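Enquirer: Input: one structure, supplied below.
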Amino acid sequence: MHFRPVSVHQISFELNGKTVERSVGPEVLMADLLRDDIGLTGTKIGCSIGVCGACSILVDGTLMSGCLLPAIMVDGRSVTTIEGIAPSEDELSPLQDAFIRKGGFQCGICTSGQIIAATALLAQNAKPTREEIKEWMMGNLCRCTGYYKIIDSIEAAAGIERANV
Amino acid sequence: MRTFDYTAAASIDEALAALKEYGDEAEFIAGGTSLILLMQQGLVQPAKVIGLGNIKELRGIKRTADGGLEVGAMTTHRQLETSPEAFAYAAALPQSLGVIATIRIRNQATLGGNLVHADPAQDPPPVLIALDATVDVVKAGGGARAIPMEAFFTDFFETVLGDNELVRSVKIPPMPSGSRLAYKKFLPRTADDYATVSVAVRLGVDADGRCKDIRIGLGALAVTPLRAKAVESALLGQKLTEQSIKDAAALVRDVVDPLDDVRGSAGYKREMARVWTERTIASLAGVKAKA
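Protein sequences, first through last, are from chains Z and V. Add 1189 to a position in the first sequence, counting from 1, and you land on the number used in the working numbering. Add 898 to a position in the second sequence, counting from 1, and you land on the number used in the working numbering.
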């Protein structure tokens, strides 16, 4: 085996409103950079193959899998994780609040990803139908199978009240 | 994942120059949703990875002067799914992108990446075969070639691309007057799964109810996506009736060569190919399927 050169990259990106600079190898994935290097462990790693949605993050507002995204690809971009969703230290986002009020979680491992995915949904569709919520959230698995409560929480955050709840 | 040397190319020329230097030790990375998985499993271990994300020439969806559509290789599935230009071309085209995996993956995965990955169960290839699309490829050192979609795939995860070539765009010719497109993906397991079988049909019918245009693409039914020419030939110029569609669709059994896997036995998929070919043609012809 001949010598294989390995590159190192200086990346700079906005993370939850603050500029972050890091030196990373090209093999470092965003979910690992966030958790192991930056110390933001709210982003979870479930399947590691882009299926479960636990590592959902927003890149320039677009929903992505942190486990499939090389960190070098966020250079110059804006990243939002669960830690950046609340408007302040003392205040929750409407979705975070609704997930608590409506019991939108059980064990909690998928919750960060659920709230990030729902945040992306409500940003582009403020009053989604129940079907639209289901279609959008299909990529975020809950192994406690608390799906009804998750959908109820998203509807509540969107200000959609249902008579039979 | 084994580490590697990475360069983000700023232009097509730069990407091709880097590819020429490293040859078969290099891989392009588009959205990364397939390549990262292959690298994590050690199935692909490139010494060099060339990023295509900064190349503006590979982006964009536009209608061509003749009424066709050109889609840049770095267009994400979600961009094509939500494109007004694609919707105006044929609503079933963007809708066919909407059944791939999940929105999160569609935000990352690109059309060019999908094609070069050459997984025979992917959704865009059968649709693009039915639409008579060509893959626009550029070569290192100059030159380009247009490859018909149905001739692009050579084997399981293999294409005709040389190790000095890059997919620039996909070109879709104008829809023949009066023709329509349908895509059916048979998903007996979960909604985010790969197709068990999938069928795309472009169909045009004249005033007498005779088939004047038909092209059929098949997914997940062999080591490559397929075109069902035998079924097309049986129907072209014929009256489209329950019986003629049923008889023609039965010919698809000899077109396909499916593999046994977790989504079903080869025999089951062969039968499902017949059923879904019949249903897809019938849905476009406004005829009730017999199956």
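We put the beta carbon where it would ideally sit given N, CA and C, even for glycine. These numbers were taken from a predicted model, which means no experiment stands behind them.
Beta-carbon separation of E968/V and S1077/V under 8 Å?
Expert: As a first step, residue 968/V is located in the second sequence; it is residue number 70 there, counting from the start. As a first step, residue 1077/V is located in the second sequence; it is residue number 179 there, counting from the start. No, these two residues do not count as a Cβ contact at 8 Å.
Enquirer: For chain V, is any of its Cβ atoms less than 8 Å away from the one on G1242/Z?
Expert: Working through the first sequence from its first residue, we reach residue 1242/Z at position 53. Yes, contact with chain V.
Enquirer: When burial is assigned at 16 or more other CB atoms within 10 Å of the CB, is N1314/Z buried or exposed?
Expert: Stepping through the first sequence from its first residue, residue 1314/Z is reached at position 125. N1314/Z should be labelled exposed.
Enquirer: Got a sec: is the Cβ-Cβ distance from D964/V to anything in chain Z below 8 Å?
Expert: Walking along the second sequence from the start, residue 964/V turns up at place 66. It does not; no Cβ of chain Z falls within 8 Å.
Enquirer: Is it true that the CB of A999/V sits closer than 8 Å to the CB of G949/V?
Expert: In the second sequence, the residue the question calls residue 949/V occupies position 51. In the second sequence, the residue the question calls residue 999/V occupies position 101. In this structure, A999/V does not lie closer than 8 Å to G949/V by Cβ.
Enquirer: When the Cα of E1141/Z is compared with those of S1277/Z, L1247/Z, A1309/Z, which residue comes out closest?
Expert: In the structure as shown, chain Z begins at 1190 and stops at 1354. Residue 1141/Z is therefore absent and cannot be evaluated.
Enquirer: Starting from the C-beta of I927/V, find all residues in its chain whose C-beta is less than 6 Å away, skip the five residues before and the five after it, and write them out in chain order.
Expert: To locate residue 927/V, count along the second sequence from 1; it is residue 29. Closer than 6 Å at the Cβ level, and outside the excluded window around I927/V, lie L933, V947, G949.
Enquirer: Note down, in chain order, every chain Z residue with its Cβ under 7 Å from the Cβ of A945/V.
Expert: Numbered from 1 along the second sequence, position 47 holds the residue referred to as residue 945/V. R1193, listed in chain order.
Enquirer: Note down, in chain order, every chain Z residue with its Cβ under 7 Å from the Cβ of M899/V.
Expert: Here residue 899/V is taken as the residue at index 1 of the second sequence, counted from 1. Going along chain Z in sequence order, the residues near M899/V (Cβ under 7 Å) are E1216.
Enquirer: Please name the residue in D903/V, L1119/V, L917/V whose C-alpha comes closest to that of S909/V.
Expert: Here residue 909/V corresponds to residue number 11 of the second sequence, with the count starting at 1. Comparing Cα-Cα distances from S909/V to each of D903/V, L1119/V, L917/V, the minimum goes to L917/V.
Enquirer: Taking the Cβ atom as the reference point for each residue, do G1235/Z and C1241/Z lie within a distance shorter than 8 Å?
Expert: For the purposes of this step, residue 1235/Z is identified with residue 46 of the first sequence, where counting begins at 1. For the purposes of this step, residue 1241/Z is identified with residue 52 of the first sequence, where counting begins at 1. Closer than 8 Å, so yes.
Enquirer: What span of residues does the alpha helix (DSSP H) with I1340/Z cover, start to end?
Expert: What you label residue 1340/Z is simply residue 151 of the first sequence in a count that begins at 1. It spans 1336-1346 - the alpha helix (DSSP H) in which I1340/Z sits, taken as one unbroken run.
Enquirer: Given that N1005/V touches chain Z, what residues does it touch there, using C-beta distances under 8 Å?
Expert: As a working mapping, residue 1005/V is identified with position 107 in the second sequence. The answer, in chain order, is T1251, L1252, M1253.
Enquirer: In terms of residues, what are the limits of the alpha helix (DSSP H) holding Y1171/V?
Expert: Position 273 of the second sequence, counting from 1, holds the residue named residue 1171/V. Just to set this straight, residue 1171/V is Ala in the shown sequence, not Tyr. Boundaries of the alpha helix (DSSP H) harbouring A1171/V: 1164-1183, taken from the DSSP string.
Enquirer: Along the stretch 1077-1092 of chain V, what residues have a CB closer than 8 Å to any CB found in chain Z?
Expert: Closer than 8 Å at the C-beta level to chain Z, one finds these residues of the stretch 1077-1092 of chain V: A1089, D1090.
Enquirer: To which residues of the same chain is E1130/V closer than 7 Å at the C-beta, ignoring the five residues directly before and after it?
Expert: By one-based count along the second sequence, residue 1130/V stands at place 232. These residues qualify, in order along the chain: I1112, R1113, I1114.
Enquirer: Once you ignore the five residues that flank C1331/Z on each side, which residues in its own chain have a CB closer than 6 Å to its CB?
Expert: Your numbering for residue 1331/Z matches position 142 in the first sequence. Only C1299 meet the Cβ criterion.
Enquirer: Whole angstroms is fine: what's the gap from D964/V's alpha carbon to K1316/Z's?
Expert: The residue labelled residue 964/V in the question sits at position 66 within the second sequence. The residue labelled residue 1316/Z in the question sits at position 127 within the first sequence. Answer to the nearest angstrom: the Cα atoms are 39 Å apart.
Enquirer: Let me know the beta strand (DSSP E) ranges lying completely inside the stretch 1011-1093 of chain V, each 3 residues or longer, listed in chain order.
Expert: Listed in chain order, they are 1032-1037, 1042-1046, 1051-1053, 1063-1070, 1078-1084.
Enquirer: Using a C-beta cutoff of 8 Å, does M1293/Z count as contacting chain V?
Expert: For the purposes of this step, residue 1293/Z is taken as the residue at position 104 of the first sequence. Just to set this straight, residue 1293/Z is Gly in the shown sequence, not Met. The beta carbon of G1293/Z sits no closer than 8 Å to any beta carbon of chain V.
Enquirer: In angstroms with no decimal places, state the Cα-to-Cα distance between D1286/Z and E1272/Z.
Expert: The residue you call residue 1286/Z lines up with position 97 of the first sequence. The residue you call residue 1272/Z lines up with position 83 of the first sequence. So the two alpha carbons sit approximately 14 Å from each other.
Enquirer: Would G958/V and P1072/V be called neighbours here (beta carbons separated by less than 8 Å)?
Expert: Reading the second sequence from its first residue, position 60 is the one you call residue 958/V. Reading the second sequence from its first residue, position 174 is the one you call residue 1072/V. Contact flag unset, no.
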